[in-house]
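Here the structure comes first, spelled out in C-alpha coordinates, and everything after it is commentary.
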Amino acid sequence: MKDYTTPRGSRIVILLALLLAMSSGSAWAQALSGITFAGKPNTLFVGVRKVTDVLGWSVHWEQAGQTLYINDRSVTSAGTVRRLPDGTALLAVSALRYLGGEVVWDATSGTVTIKSGGRSLQVTRGAKRVEVDCTTQRLRAWQGDTLLLETAVSTGRSGSRTPTGEFTAGPYKSRMHYSGLYNDAPMPYSVQVNGNVFIHGFGSVPRYPASHGCIRVPLNAGNPARWFYEWVDRRTPIRIKGRWQG
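Structure follows, in C-alpha coordinates:
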(Lines of atoms letter the chains of each structure in order from A and count residues from 1; the text may use other names and numbers.)
(Lines give C-alpha, C1' and ligand atoms only; values in the text may rest on other atoms or scores of the structure.)
Protein backbone atom coordinates (compact mmCIF):
# COMPACT_ATOMS: atom_id res chain seq x y z
CA MET A 1 0.00 0.00 0.00
CA LYS A 2 1.33 3.42 -0.94
CA ASP A 3 2.13 5.78 1.96
CA TYR A 4 0.34 9.13 1.49
CA THR A 5 1.51 10.66 4.78
CA THR A 6 3.61 13.83 4.64
CA PRO A 7 7.35 13.18 5.18
CA ARG A 8 8.69 14.45 8.49
CA GLY A 9 10.98 16.99 6.80
CA SER A 10 8.11 18.42 4.79
CA ARG A 11 5.99 18.75 7.93
CA ILE A 12 8.75 20.78 9.57
CA VAL A 13 8.95 23.10 6.54
CA ILE A 14 5.17 23.59 6.58
CA LEU A 15 5.22 24.32 10.31
CA LEU A 16 7.96 26.91 9.89
CA ALA A 17 6.01 28.57 7.06
CA LEU A 18 2.91 28.78 9.24
CA LEU A 19 4.86 30.29 12.13
CA LEU A 20 6.40 32.84 9.76
CA ALA A 21 2.94 33.79 8.44
CA MET A 22 1.67 34.23 11.99
CA SER A 23 4.57 36.46 12.92
CA SER A 24 4.10 38.64 9.84
CA GLY A 25 0.48 39.35 10.85
CA SER A 26 -0.71 39.41 7.24
CA ALA A 27 -1.96 35.90 6.56
CA TRP A 28 -3.43 35.60 10.01
CA ALA A 29 -5.37 38.85 10.28
CA GLN A 30 -8.27 38.64 12.69
CA ALA A 31 -11.70 39.11 11.11
CA LEU A 32 -14.45 41.35 12.48
CA SER A 33 -17.97 42.05 11.27
CA GLY A 34 -18.57 45.58 10.03
CA ILE A 35 -21.76 47.48 10.84
CA THR A 36 -23.56 49.99 8.60
CA PHE A 37 -26.51 52.33 8.96
CA ALA A 38 -29.17 53.11 6.38
CA GLY A 39 -28.42 56.85 6.22
CA LYS A 40 -24.72 56.29 5.38
CA PRO A 41 -24.47 52.81 3.87
CA ASN A 42 -20.87 53.31 2.75
CA THR A 43 -19.60 54.17 6.24
CA LEU A 44 -18.39 51.01 7.93
CA PHE A 45 -18.29 50.81 11.74
CA VAL A 46 -16.57 48.36 14.06
CA GLY A 47 -16.66 47.87 17.83
CA VAL A 48 -14.16 50.17 19.59
CA ARG A 49 -13.03 47.59 22.12
CA LYS A 50 -12.67 44.89 19.49
CA VAL A 51 -10.47 46.92 17.16
CA THR A 52 -8.29 48.42 19.89
CA ASP A 53 -7.75 45.01 21.51
CA VAL A 54 -6.60 43.48 18.21
CA LEU A 55 -4.30 46.38 17.30
CA GLY A 56 -3.00 46.88 20.83
CA TRP A 57 -4.12 50.51 21.01
CA SER A 58 -4.96 52.42 24.19
CA VAL A 59 -8.55 53.57 24.71
CA HIS A 60 -10.33 55.54 27.40
CA TRP A 61 -13.31 57.83 27.95
CA GLU A 62 -13.40 61.21 29.63
CA GLN A 63 -16.08 63.65 30.74
CA ALA A 64 -18.53 61.03 31.97
CA GLY A 65 -18.16 58.89 28.87
CA GLN A 66 -18.79 61.64 26.33
CA THR A 67 -15.30 61.95 24.84
CA LEU A 68 -13.45 58.95 23.42
CA TYR A 69 -9.66 58.89 23.25
CA ILE A 70 -7.70 56.29 21.28
CA ASN A 71 -3.90 56.47 21.37
CA ASP A 72 -4.42 59.72 23.33
CA ARG A 73 -6.29 61.30 20.40
CA SER A 74 -9.88 62.44 20.64
CA VAL A 75 -12.08 60.77 18.03
CA THR A 76 -15.53 61.80 19.26
CA SER A 77 -17.31 63.61 16.47
CA ALA A 78 -20.60 63.41 14.61
CA GLY A 79 -20.65 60.41 12.31
CA THR A 80 -17.43 58.91 13.67
CA VAL A 81 -18.65 57.32 16.90
CA ARG A 82 -22.02 55.59 17.33
CA ARG A 83 -23.45 53.12 19.80
CA LEU A 84 -25.41 49.90 19.78
CA PRO A 85 -28.60 49.79 21.86
CA ASP A 86 -26.71 48.04 24.67
CA GLY A 87 -24.22 50.94 24.84
CA THR A 88 -21.37 49.30 22.91
CA ALA A 89 -19.31 52.05 21.22
CA LEU A 90 -18.68 51.84 17.48
CA LEU A 91 -16.00 53.64 15.50
CA ALA A 92 -16.00 54.44 11.79
CA VAL A 93 -13.26 52.43 10.07
CA SER A 94 -12.20 55.55 8.16
CA ALA A 95 -11.09 57.12 11.46
CA LEU A 96 -8.46 54.41 11.98
CA ARG A 97 -6.16 56.05 9.43
CA TYR A 98 -6.21 59.25 11.49
CA LEU A 99 -5.17 57.18 14.51
CA GLY A 100 -2.10 55.76 12.80
CA GLY A 101 -3.41 52.62 11.16
CA GLU A 102 -2.81 51.59 7.56
CA VAL A 103 -6.27 51.17 6.01
CA VAL A 104 -6.63 49.28 2.72
CA TRP A 105 -10.03 48.95 1.05
CA ASP A 106 -10.85 46.09 -1.31
CA ALA A 107 -13.88 47.19 -3.30
CA THR A 108 -14.29 43.77 -4.92
CA SER A 109 -14.70 41.79 -1.71
CA GLY A 110 -16.01 44.65 0.40
CA THR A 111 -13.29 43.96 2.96
CA VAL A 112 -11.13 46.51 4.76
CA THR A 113 -7.71 45.52 6.11
CA ILE A 114 -6.19 47.57 8.94
CA LYS A 115 -2.54 47.18 9.93
CA SER A 116 -0.60 48.70 12.81
CA GLY A 117 2.60 47.70 14.61
CA GLY A 118 2.82 44.25 13.02
CA ARG A 119 -0.81 43.46 13.81
CA SER A 120 -3.71 43.42 11.41
CA LEU A 121 -7.42 42.83 11.20
CA GLN A 122 -10.01 42.57 8.49
CA VAL A 123 -13.46 44.12 8.63
CA THR A 124 -16.17 42.83 6.30
CA ARG A 125 -19.62 44.31 5.82
CA GLY A 126 -22.09 41.62 6.89
CA ALA A 127 -25.55 40.95 5.47
CA LYS A 128 -28.46 42.24 7.53
CA ARG A 129 -31.43 40.17 8.69
CA VAL A 130 -34.29 40.58 11.16
CA GLU A 131 -36.42 38.05 13.02
CA VAL A 132 -39.67 38.69 14.88
CA ASP A 133 -40.90 35.89 17.14
CA CYS A 134 -44.61 36.20 17.94
CA THR A 135 -44.33 33.39 20.50
CA THR A 136 -41.80 35.18 22.68
CA GLN A 137 -42.71 38.72 21.57
CA ARG A 138 -39.08 39.51 20.70
CA LEU A 139 -37.33 41.19 17.77
CA ARG A 140 -33.71 40.39 16.93
CA ALA A 141 -31.51 42.04 14.31
CA TRP A 142 -28.18 40.76 13.01
CA GLN A 143 -25.47 42.02 10.70
CA GLY A 144 -23.24 39.18 9.65
CA ASP A 145 -22.96 36.87 12.65
CA THR A 146 -23.30 39.70 15.17
CA LEU A 147 -26.53 40.15 17.11
CA LEU A 148 -26.93 43.93 17.26
CA LEU A 149 -30.39 44.37 18.72
CA GLU A 150 -32.73 42.29 20.84
CA THR A 151 -35.85 43.97 22.14
CA ALA A 152 -39.32 43.21 23.40
CA VAL A 153 -42.15 43.94 20.95
CA SER A 154 -45.92 43.74 20.90
CA THR A 155 -47.47 42.13 17.82
CA GLY A 156 -51.07 41.90 16.59
CA ARG A 157 -53.75 40.80 19.04
CA SER A 158 -56.42 38.18 18.39
CA GLY A 159 -58.46 39.08 15.32
CA SER A 160 -55.64 41.28 13.96
CA ARG A 161 -52.69 38.90 14.13
CA THR A 162 -49.39 39.93 12.61
CA PRO A 163 -48.81 37.89 9.42
CA THR A 164 -46.02 35.33 9.55
CA GLY A 165 -43.62 34.50 6.73
CA GLU A 166 -40.66 35.92 4.85
CA PHE A 167 -40.74 39.64 4.04
CA THR A 168 -38.37 42.50 3.30
CA ALA A 169 -38.18 45.96 4.84
CA GLY A 170 -39.91 48.72 2.92
CA PRO A 171 -40.16 50.07 0.43
CA TYR A 172 -41.82 52.69 2.65
CA LYS A 173 -39.93 54.14 5.62
CA SER A 174 -40.82 57.27 7.55
CA ARG A 175 -39.39 58.90 10.65
CA MET A 176 -42.97 59.94 11.52
CA HIS A 177 -45.90 58.19 9.88
CA TYR A 178 -49.58 58.69 10.71
CA SER A 179 -52.00 55.79 10.44
CA GLY A 180 -54.52 56.06 7.63
CA LEU A 181 -56.66 53.37 9.28
CA TYR A 182 -56.74 54.38 12.94
CA ASN A 183 -57.50 58.09 13.39
CA ASP A 184 -54.10 59.40 12.28
CA ALA A 185 -52.41 57.65 15.20
CA PRO A 186 -48.71 58.61 15.26
CA MET A 187 -46.32 55.81 14.28
CA PRO A 188 -42.75 57.12 14.76
CA TYR A 189 -39.83 55.34 13.11
CA SER A 190 -42.05 53.34 10.77
CA VAL A 191 -40.67 50.58 8.57
CA GLN A 192 -43.14 48.87 6.25
CA VAL A 193 -43.16 45.08 6.36
CA ASN A 194 -46.26 43.99 4.45
CA GLY A 195 -49.01 46.31 3.23
CA ASN A 196 -50.38 48.16 6.26
CA VAL A 197 -48.21 46.18 8.69
CA PHE A 198 -45.26 48.18 10.02
CA ILE A 199 -42.50 47.86 12.57
CA HIS A 200 -42.72 51.16 14.45
CA GLY A 201 -42.17 52.89 17.76
CA PHE A 202 -44.97 53.10 20.30
CA GLY A 203 -45.38 54.40 23.84
CA SER A 204 -47.11 51.26 25.13
CA VAL A 205 -45.36 47.95 24.42
CA PRO A 206 -46.80 45.28 26.75
CA ARG A 207 -45.23 41.81 26.79
CA TYR A 208 -48.20 40.36 24.89
CA PRO A 209 -49.94 41.03 21.53
CA ALA A 210 -51.80 44.35 21.70
CA SER A 211 -51.62 46.02 18.28
CA HIS A 212 -53.88 46.01 15.23
CA GLY A 213 -51.30 43.92 13.38
CA CYS A 214 -48.19 46.09 13.47
CA ILE A 215 -45.08 45.29 15.48
CA ARG A 216 -44.64 47.83 18.26
CA VAL A 217 -41.11 48.61 19.42
CA PRO A 218 -40.31 50.62 22.60
CA LEU A 219 -39.40 54.29 22.41
CA ASN A 220 -37.87 54.28 25.90
CA ALA A 221 -34.93 52.31 27.40
CA GLY A 222 -32.46 53.52 24.78
CA ASN A 223 -35.14 53.95 22.08
CA PRO A 224 -34.65 50.70 20.13
CA ALA A 225 -37.36 51.84 17.69
CA ARG A 226 -35.23 54.75 16.55
CA TRP A 227 -32.04 52.65 16.43
CA PHE A 228 -33.76 50.00 14.31
CA TYR A 229 -35.15 52.61 11.91
CA GLU A 230 -31.72 54.20 11.42
CA TRP A 231 -30.02 50.84 10.95
CA VAL A 232 -32.36 48.78 8.75
CA ASP A 233 -32.03 49.05 4.97
CA ARG A 234 -34.83 48.76 2.49
CA ARG A 235 -35.02 45.13 1.32
CA THR A 236 -33.43 43.80 4.51
CA PRO A 237 -34.93 40.30 5.01
CA ILE A 238 -37.49 40.13 7.83
CA ARG A 239 -38.73 36.78 9.08
CA ILE A 240 -41.86 36.72 11.23
CA LYS A 241 -42.55 33.43 12.95
CA GLY A 242 -44.43 31.79 15.83
CA ARG A 243 -47.79 32.27 17.45
CA TRP A 244 -48.68 33.74 20.82
CA GLN A 245 -49.72 31.00 23.23
CA GLY A 246 -50.86 33.15 26.16
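With my numbering applied, the sequence shown corresponds to residues 955 to 1200, in that order. Ideal placement from N, C-alpha and C gives every residue a C-beta, glycine not left out. Given the structure is predicted, the values throughout are model-derived calculations rather than measurements.
**Message:** Starting from A1179, trace the alpha helix (DSSP H) in both directions and tell me its first and last residue.
**Reply:** Where A1179 is concerned, the enclosing alpha helix (DSSP H) stretches over P1178 to W1185.
**Prompt:** For G1155, is the classification buried or exposed, using 16 other Cβ atoms within 10 angstroms of its Cβ as the cut-off for buried?
**Reply:** Its Cβ being crowded by 16 or more others within 10 Å, G1155 is buried.
**Prompt:** Rounded to a whole number of angstroms, what is the C-alpha to C-alpha distance between T1116 and V1077?
**Reply:** Cα to Cα, the separation comes out at about 36 Å.
**Prompt:** What number of angstroms, rounded off, separates the C-alpha of V1186 from the C-alpha of I989?
**Reply:** One alpha carbon belongs to V1186, the other to I989, and they sit about 11 Å apart.
**Request:** Please determine, among P1039, V1035, G1041 and K1004, the residue with the shortest C-alpha to C-alpha distance to S1048.
**Result:** Looking at the Cα atoms, V1035 is the closest of the given residues.
**Message:** For T1122, list the residues DSSP reports as bridge partners.
**Reply:** DSSP lists P1191 as the beta-bridge partner residues of T1122.
**Own chain residues within Cβ distance below 7 Å of G1119, not counting five before or after** = For G1119, the CB contacts under 7 Å within the same chain, skipping 5 residues up- and downstream, are I1194 in chain order.
**Three-way DSSP call (helix, strand, coil) for F1037 in this model** = In the sequence as presented, Phe is not what sits at residue 1037; that position holds Arg. DSSP places R1037 in strand when its eight states are reduced to three.
**Prompt:** Less than 8 Å separating the beta-carbons of L1022 and V1005?
**Reply:** Between L1022 and V1005, the C-beta gap is not smaller than 8 Å, which leaves the two residues out of contact.
**Asked** Around the Cβ of Q1017, are there at least 16 other Cβ atoms within 10 angstroms (buried) or fewer (exposed)?
**Response** When all chains shown are included, Q1017 counts as exposed.
**Prompt:** Nearest to S1112 by alpha carbon, out of R1129, C1168, K1127 and Y1143?
**Reply:** Taking only the C-alpha atoms, the option nearest S1112 is C1168.
**Item:** Cβ-Cβ distance between S1070 and G1080 below 8 Å
**Value:** Taking 8 Å as the Cβ cut-off, S1070 and G1080 do not qualify as a contacting pair.
**Request:** Going by CA-CA distance only, name the one from T1030, R1180 and V1107 that's closest to E1085.
**Result:** For the options T1030, R1180 and V1107, the alpha carbon positioned closest to that of E1085 is the one of V1107.
**Prompt:** Given V1151, which residues of its chain have a CB within under 7 Å of its CB, disregarding the five upstream and five downstream residues?
**Reply:** Excluding positions up to five away in sequence, the list reads T1116, P1117, G1167 and C1168.
**Residue(s) in a DSSP beta bridge with Y1143** = None, per the DSSP bridge assignment.
**Request:** Could you tell me which of T1042, H1131, W1059 and S1031 sits nearest to V1176, measuring between CA atoms?
**Result:** Strictly speaking, residue 1176 in this sequence is Gly, with Val absent from that position. Of T1042, H1131, W1059 and S1031, the residue nearest in Cα terms is T1042.
**Request:** Tell me whether the beta-carbon of T1100 lies closer than 8 Å to the beta-carbon of R1189.
**Result:** No, the Cβ-Cβ distance between T1100 and R1189 is not below 8 Å.
**Request:** Can you tell me the Cβ-Cβ gap for R1073 and L1009, rounded? I've got them flagged as a contact below 8 Å.
**Result:** Indeed, because the Cβ distance is near 5 Å, the residues count as touching under 8 Å.
**Item:** Simplified DSSP state of Y1052, which is helix, strand or coil
**Value:** Note: Y1052 maps to helix in three-state DSSP.
**Item:** Span separating the alpha-carbon of R1170 from that of P1142
**Value:** Rounded to whole angstroms, R1170 to P1142 spans 10 Å at the Cα level.
**Asked** How many whole angstroms separate the CB atoms of G1196 and D1087, which I take to be in contact at a CB cut-off of 8 Å?
**Response** Going by Cβ atoms, the distance from G1196 to D1087 rounds to 5 Å, so yes, they are a contact pair.
**Request:** Check whether the Cβ atoms of V1000 and L1044 sit closer than 8 Å, and answer yes or no.
**Result:** When the beta-carbon positions are compared, V1000 and L1044 come within less than 8 Å of each other.
**Asked** In whole angstroms, what separates the C-alpha of S1133 from that of G1149?
**Response** So the two alpha carbons sit approximately 12 Å from each other.
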